[in-house]
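Participant: With our numbering, letter number 105 in the sequence shown gets 105, and the count goes up by one each step, no holes.
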Amino acid sequence: MPFILKIVLSVSIIFILLYSYLSSRIIGALRLITGWNPLYIKLAVLAIAVYFLIYPLIALAAYFSGSEHFSSAIREGNKLIDYFFMYPFWLGVIFILQVGVLFLFLEIIRFLGSLVFKPEITRLTHAWLVVMISAVCLVYVPAKIYFDTKTVRT
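Here it is as structure tokens:
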């Protein structure tokens, strides 16, 4: 098994757990704030998470199928695979790291706030903060990646 495939699989296994945790927080917050059907929220968040994690499955399928054309496209780079699968995977990894750290601090603040404030106030404030942090990171992470990559190229 190629080294890069081992790395991608190792990273994706760890991040499946983080995706699960963060997805449950985002789903709960959206359900509390919007009142939308929880099934639709879960399906939307799950679809996004699966799309971000589909690259390791494609790479694994290419390796086990023995298809030399597809395997070389994964290893050597193919613009179609890069743009639609590899870049979103790494973008998702960075997004999860950014949001995960912020959610950790948010959980600590929520715990401390629950000691002082009423649970209803704490729940609603926490839900709004989860949605706002997710939305800001959804814009910040791709912008930061783009500008950092552009700066390195020039």
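Don't be surprised by glycine CBs; every beta carbon is placed ideally from N, CA and C. These numbers come from a predicted model, not from an experiment.
(1) For the putative contact between A29 and A135, defined by C-beta atoms under 8 Å, what is the C-beta separation to the nearest angstrom?
(2) Let me confirm a value: I133 is counted as buried when at least 16 other C-beta atoms fall within 10 Å, else exposed. Which label applies?
(3) In this structure, how does DSSP classify G66 when only helix, strand and coil are distinguished?
(4) According to DSSP, is K42 helix, strand or coil?
(5) Who are the Cβ neighbours of A61 in its own chain at under 6 Å, not counting the five residues just before and after it?
(6) DSSP three-state label for M1, please.
(7) Kindly indicate which three-state DSSP category F147 falls into: helix, strand or coil?
Facilitator: In terms of the structure at hand:
(1) Actually they do not touch by this definition, with Cβ atoms about 11 Å apart.
(2) buried
(3) coil
(4) helix
(5) none
(6) Correct three-state label for M1: coil.
(7) helix
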